[in-house]
Every structure is written in C-alpha cells, then in structure tokens.
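In order, the protein sequence lines correspond to chains A and B.
First residue of the first sequence: 67, per my numbering; consecutive thereafter.
First residue of the second sequence: -8, per my numbering; consecutive thereafter.
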Amino acid sequence: MRPVAVTGLGVVSPFGAGVKAFWEGISGGVCAVRPVTLIDTEGFRCRIAAEVPDGIGGSARRSRADRLALAAAREALDDAGVARAERAEAALIVGAVGGGMLEAEAWYWQRARGVPAPLPAALASSFPSSHADVVGSVLGLGGPRETVVTACSSGAASLALAADLVADGVVPLALAGGVDALTRICFMGFNTLKLLDPTPCRPFDRDRRGMSIGEGAAFVVLEDAERARARGARVYAELAGYGMTSDAFHVTSPHPEGEGMARAMRAALRQAGVAAASVGYANAHGTATPQNDRIEARALREVFGEGRLLVSSTKSMIGHTMAAAGTLEAVATVLALVNEVIPPTARLETPDPEIPFDCVPRVAREAAVEFAISNSFGFGGQNVTLLFGRAA
Amino acid sequence: MTGHRVVITGAGVVDGHATGVVSRLLDESEARRLSRVCRMTVAAGRLALTEAGLDTDRGLALLVGTEFGDMVSTIAFVDGFLQRGTPGLSALLFPHTVMNTMAATTAIAVSARDLSLTLNAPTVAGELAIARAAAAVRAGRVGACLAGGADEPPPLVVATLREAGAGAEVRGEGAGFVVLESLDAARARGARILGEIVGVAWRALAARPHGIGRSPRSRAIAAALDEAGASSAEIGCVYTSASGDDRREVWEGALIDSALAPHRPARRSLSLPAGRHSGVAARAVATAASEAGERLALVHAVARGGSQVAIVVAGPSRVAGSRTRKGLASAEALRA
C-alpha cells in the first residue's frame, strides 16, 4: 500500500470562507454559534446554530449546500496546485447527509400550505449525491465518484474511502470532503430528540446540556506521498491510517461502553502501525450531549489510557456541522500538527470529573505532537477514526 | 489482478411486489418498528446470508446503495410538523430521515460490526456498493461483505424529479444483496461458490448534473476488464441499467459498443418491467454469475450526471473446485 499525503485543504465554515479564517477562529477559541437566520425557529426550545456568514458566492440556481461544497473544493484543489489536466483521473468522494434539502423544504412547505410553488432549479439537487455531481462536473474530476452517507461521520468516511483508492494505486490523487447546510429537518429532529442546548454547547463540561448545530464544508486533497514529493507539493501531513466500525447496537444511541468507537481507534492504530503512546492529540467527536461525551471518553481511556492525551472539541466553536464535521475536524487536526497548536474546547468552564483528560479549556495550547486522531461518530453506530502523522 | 479473489457465496432479493413474505424473515419487533424500506433491506440481507451460510460472528461488513434512502419516512416526519406543529414531530421517525437508516437497521439485525457504509447515487447505487465491496474484499480490508442496495421511491419525489428534468426512469421498490468474500475464506469454510467478481471499476464520465454525456467513450469498462485480465471478446453477455429513460439508454448503449467493439454480446436489463431500484444490482450480479457459463458477463450501469460502474463476473465453473448451485434466492423462491 502506498503512503497517503494530505496536500491541499479547503474550508467554508461558520467563520467564513477559507482555511485561514477557520484556523484563526478555532485557534482563537471563538464561538460562532448565533441565533438562526436561515429558517424559522419559532416554537423550538433551541433557536441557535453556527451558520456560514453571507458571501459564499456561486450561482443562486444551485443549492446552498452545493455552493458551500464548490467553494471548499476549489480552495483545496488550488491549495494543492492540482492542474486541470491532472483532475481527469482524480477521485471525488463526498460525505453528505442533507443534500439540497434546505431548498426542497422551502418548496414543500409552500406547497403544503397551498401557496403556488413553482419548482426551483435547485430542487433536482435535493439528494446528497448532488454535491459530487456538481463539484465533479464543474471542476472536471473524472476518476471514481462516490457519495457516502454515514450520518455524522460521513465527512470522515469520505477521507477513508479516498485514502483506499490512493493507497491501492487506483488513482494518483483524490479530493475528499464533507458538506452540509442547515436544514429544517435536521434542526427540528435534534430539537425533538431534546439533544440541543438552548445556549452554545459546552463539550466535556460537567454542566453540558447538549449540542449546537452548525453548517459548512471542507475538502482535502489526498495524494500518493511519493508522487506529491516528486512534484514538489506541500505535504501538510500523512493520513497514516483509519478505522471504520459499526456498533450494530442502536439506531441513535452509541454502544454504552463505546465498544465500536474503541475498535475504530484501534483499527486506525493497527493500520498505521502506530503505538497508542505515540498519539498526542485527539480531536474528539465531542458533541456535548451528556451521554456521548462520557462514552467517547470511556473509549479513549480504553485505548490510550487516562490523562496523557490532549483532547478537544472543535464543535464547541462551530457546532456540529453534520456531514461536514468529520472533514472540518480532520482539517483542524492536520493544522494542529502543522502549527504545533492544539485548538481549545471553548466554553469549557467546569471539566466533567468523569472525563479523565486535559480537554484544553478555552485557550489553545502550544504542543508539538507526532500523531493525532480525529474521531467521528454517527447515528446508526457509525464510527470513524482518522489517524494523521506529521509530514516527514 | 492482485489481492484476494472475490467470490459470491449468497444472494437475496426482495421486490416490492413480493413483500408479503418479508414478515417471515423478520422478528415481531422488527416487523413492528421498522419502516417498509428497512424491512425489505433486512429481509434481503437475511436471505443472502442464509444462502451463504455465513457466521457473522467472524466479522461482516455492509454496503448499502440507495437513491432515495427512506424518503417515505422523511416526508412523514415533515408532514407531522406541517399538520400539527412541533407536537407533530416524531422522535422515532427522525433517524429515518438520514439515508443510512437501512444500513443501521440491517447492521443491527445481522450483526454487521465491521465497516458499514451507505452510498447514494442516482440509478447506479447498488452496482457502486457491490463494486466498492469487491474492492474492499480484494484488498483484504474486510473478510466478508453484504453488498447491494434498497429503495422505496415515493411517487411525489419521482414525479418531481421527472418534472425537474432528472430523467424518466421506471422506478420500482425493493432490496437486494450479494455476499462477497475471499475465495480462500469461502473454501476454508466449505461454502458453495456462486460465482466470482473478477474485475470492478467505477468512474465519472463528463456530463452535467442530471445530464447525458456527449461522448461514447467508456472509462470504467476498460478498467474493469484490465483488473480481470480479460479482453472484450470474453464477455458473453451484458446486463445493463436500462430502465425506461430513453436518452440514458442510448448513451449506455454507445458506451458499451465503444468499449467492447468489435464484439456485440447479448444485452439484458433486469430492471423492467417491475422497475429499477438499487437492489436490482444484486440480482444482475447473481444472474450474471449463474448464466455466464464458460464466458464472462459484464454488469454495467451509468447514471445521468456521469457515474459509471462496471463489474466483470465469472460463473462458478471458472472457479476451480467449486461447489455450485443454480438460481437466485429470492422472496419469490421462498414463497414457492
């Protein structure tokens, strides 16, 4: 198997467009969760989310999610310096959940209320696979194209699947990432499950009350490491291994002992040939629900032991961006390795005594680590761990 | 071809018109709790695993292709709100609004604890899932995999897509899976070999979203044949994805012609008349293996927007020393 290098990054986040804005936001411990403006939240207990600010650009005929994806994908390809001709063989793997549902919902709402509602152009793009077709078509990506849906771990799964194609020599490079725009279904659903905190979320805090929703997109360019070095590409990090497992336990709740999570982390270590003691940082799934944070901590302790590992949650600043989360957090993990700075867990005031780790409260920490993991877990017990190593 | 040889050891298909027998494949709780598409998915998975005689305690991966997910439950979730406001929202329905719900419920039902993936694509999702699964088995990433697809397309969504210019497919409902594992593992446990997947490839052809490509140049077929170490002359039959979208069918015909020229093997589509759903891919792969004889069969699919999948299948007689069987385990067969 060929080693896989990360050579390009692209982000659209609640801090705006661009990797630079994203890193400044998360390394500064800034919380981007605000009152929702995109949809009507009247009657809901939680009425806040981390929305992407105005100015994404792109054709109004495209769905919001397609525009988020295009902007992030373009930045990643440009960052990697991938020429148009090289894209013909490049794979494209997109993690998605909501698709263009924001626009489809608006149409359906009007129609259901008896208001004449002509079909919007974006309606044909309401399924998750739309993003891959739009990004692939516009950017000329002709290799294998896939849309993976593993709920909240979709963005991380996209990197794992892309890494397989590069490692097996099917393609020389791949563009992989996740995207989700805010949707009414997602907002209503998590409100109904009573999993949302009416105030910005506080992962790992003793008094945490649930998650905050966010939106965004992120893509990375994964490339045969030897090829990347030969062409003089900047190598941010190596995607050294991953683990993907299924709890096969419950459609919404994780296994109470974090068994599937721990298996995913161990599988990533095994594939990378890296000892648990060599991993210095875990970008946690860290949703801030009382149950999930506790179970993730249990799984981390099972694999890495208590205490030593630095753990933080990017969701404390940009909310849970659903299918985008796994890639945004992978980018955060890569940048932590590159910049030797661990982004903090914002709003963490009173650490939960049941979480036996230094969760980097409120302020970023300087730390040079050799290996770091990014955890993503989704409905249906879909666990993905990505393991990154510093560029050689 | 490098890596493990990938063999088919089980297959099961449940078509929407045959769901009367599904209840026999589910326990009482599943029959009560699960949505219709999830019930079909679990049932088809069980059919395939039963035929394979596989002990899932040794590990099982699951790949589900779908075009629509559980859109019926999604619409019901939204309608609850539109009719009754927040009290009308169902916490039980919400998880079904995420497309991986069929994979999640099936993973629980059959104890698939290795990777579990849902792949979403218009009209080629089942073929894509089987191709991806075959690649994972070949690379040794998973030992055994249940791969296929499921769909229950709501009439409103189908009509809306058609009006929005996203094709005129004749769509059906159902679920189907094949069980794939390495030849070594299958032989070690004395499994009956139904066929072999000798080459897979999936590529994106130049086309606008929902559009038909202008070029007849196939990319996936040549790559799949290359992996199989086979020539186009060895293909005895092609199972296409034709399902009533005339423009897409013409394009698919041109792609196959250009890739296999000068040969013109017989072509069949298993999508009509009942309609195409993501489970049809499993039927095509199992049928191709069953009917390939001494030659190879090509299972091919192309979607509007350009996703192309090619799967080269060999019959059991080409897998030396295999025990063989005839026919495909299906809900119809079970009923008979």
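Don't be surprised by glycine CBs; every beta carbon is placed ideally from N, CA and C.
Contact with chain B by A/Asp234, beta-carbon distance below 8 Å: For A/Asp234, the answer is yes, since a Cβ of chain B falls inside 8 Å of its Cβ.
Contact set between B/Leu346 and chain A, taken where Cβ atoms lie within less than 8 Å: The shown model of chain B, from -8 to 327, leaves out residue 346 of chain B, and the question about it has no answer.
Proximal residues of chain B, C-beta to C-beta of A/Ala178 below 9 Å: For A/Ala178, the neighbours in chain B by C-beta distance under 9 Å run, in chain order, Val69, Asp70, Leu73, Gln74.
Chain-ordered chain B contacts of A/Cys254 [CB-CB under 7 Å]: Rather than Cys, the amino acid found at residue 254 of chain A in this sequence is Met. Here the neighbours are Phe72, Leu80.
So, do the region 12 to 21 of chain B and the region 324 to 333 of chain A have three or more beta carbon pairs nearer to each other than 8 Å? no
Hey, could you find the ends of the beta strand (DSSP E) A/Ala71 is sitting in? 70 to 79
By the 10 Å Cβ neighbour count, where 16 or more other Cβ atoms means buried, how is B/Arg316 classified, buried or exposed? Residue placement at B/Arg316 is flagged as unreliable, the pLDDT there being 47, under the threshold of 50; a coordinate-derived value is accordingly withheld.
Taking B/Thr88 as the query, report the chain A residues whose CB atoms sit under 7 Å from its CB, ordered along the chain. Ile251, Gly255
Beta-carbon of B/Phe85 versus every beta-carbon of chain A: anything under 8 Å? yes
Just curious, the beta strand (DSSP E) that A/Ile159 is in, first and last residue? 157 to 162
Between the Cα of B/Val115 and those of B/Val128, B/Pro207, B/Glu160, spot the shortest distance and give me the residue it belongs to. Residue B/Glu160 is the option with its Cα nearest to B/Val115.
With 8 Å set as the bound, which would you pick, yes or no: does the beta-carbon of A/Arg211 sit closer than that to a beta-carbon of chain B? Chain B contact via Cβ: present.
Excluding sequence positions up to five away, which residues of its chain have a Cβ less than 8 Å from the Cβ of A/Arg274? Only residues of its own chain outside the window of five on either side were considered, and among them Asp263, Cys267, Arg268, Ala354, Thr355, Pro356, Asp359, Asp418 have a CB closer than 8 Å to the CB of A/Arg274, listed in chain order.
With a threshold of 6 Å on Cβ separation, who are the neighbours of B/Ala192 within its own chain once the five nearest residues in sequence on each side are excluded? So the list reads Ala211, Ala214, Ala215, Ala301, once near-sequence residues are dropped.
Delimiting residues of the alpha helix (DSSP H) encompassing A/Asp271: From DSSP, A/Asp271 is part of no alpha helix (DSSP H); its letter is neither H nor E.
From which residue to which residue does the beta strand (DSSP E) around A/Asn449 run? 448 to 456
Can you give the Cα-Cα distance for A/Glu372 and B/Thr77, rounded to whole angstroms? 42 Å
In angstroms with no decimal places, state the Cα-to-Cα distance between B/Glu164 and B/Glu143. 5 Å
Mind pulling the chain B residues with CB within less than 9 Å of A/Val148? Within 9 Å Cβ-Cβ: nothing; A/Val148 doesn't reach chain B, min ~16 Å.
In DSSP terms, what A/Met254 is bridged to: In DSSP, A/Met254 forms no bridge with anything.
CA-to-CA distance, A/Val287 to A/Gly161, given in whole angstroms: 14 Å
Taking the C-alpha atoms as reference points, what is the distance between A/Ala139 and B/Arg286? 43 Å
Which residues in the same chain have their Cβ closer than 6 Å to the Cβ of A/Phe110, if we skip the five residues on either side of it in sequence? Only residues of its own chain outside the window of five on either side were considered, and among them Asn257 have a CB closer than 6 Å to the CB of A/Phe110, listed in chain order.
Can you pull out the residues from the region 290 to 313 of chain B whose beta carbon lies closer than 8 Å to at least one beta carbon of chain A? Gly296, Gly297, Ser298
Straight-line CA distance for B/Gly167 to B/Glu42? Rounded to the nearest whole angstrom, the CA to CA distance from B/Gly167 to B/Glu42 is 13 Å.
Decide if the region 378 to 391 of chain A is in contact with the region 232 to 241 of chain A; the criterion is three or more beta carbon pairs, one per stretch, under 8 Å apart. no
Residues in its own chain within less than 8 Å of A/Met254 by CB, not counting five upstream and five downstream? So the qualifying residues of the chain are Phe110.
8 Å Cβ cutoff, A/Gly161 in contact with chain B: Not an interface residue.
Report the neighbours of A/Ala350 on chain B: residues whose CB is nearer than 9 Å to its CB, in chain order. Going along chain B, no residue has its Cβ under 9 Å from A/Ala350, so there is no contact; the nearest lies around 21 Å.
Secondary structure of A/Ser129, DSSP reduced to three states: Note: A/Ser129 maps to coil in three-state DSSP.
At what residues does the alpha helix (DSSP H) containing A/Asp359 begin and finish? 356 to 370
Proximity winner among A/Gly392, A/Lys260, A/Ile384, relative to A/Tyr308 (alpha-carbon distances): When each option's Cα is compared against that of A/Tyr308, the closest is A/Gly392.
Name the chain B residues that come within less than 8 Å of A/Leu158, Cβ to Cβ? Ala195
Residues, ordered as in the chain, of the region 264 to 280 of chain B that lie near chain C by beta-carbon distance below 9 Å: Here the protein chains are A and B, and chain C is not one of them.
Using 8 Å for Cβ pairs, my map puts B/Ala280 next to B/Pro253. What's the rounded Cβ distance? Not quite, the Cβ-Cβ distance comes to about 26 Å (not below 8 Å), so this is no contact.
For A/Ser195 and chain B, any beta-carbon pair shorter than 8 Å? So, interface residue.
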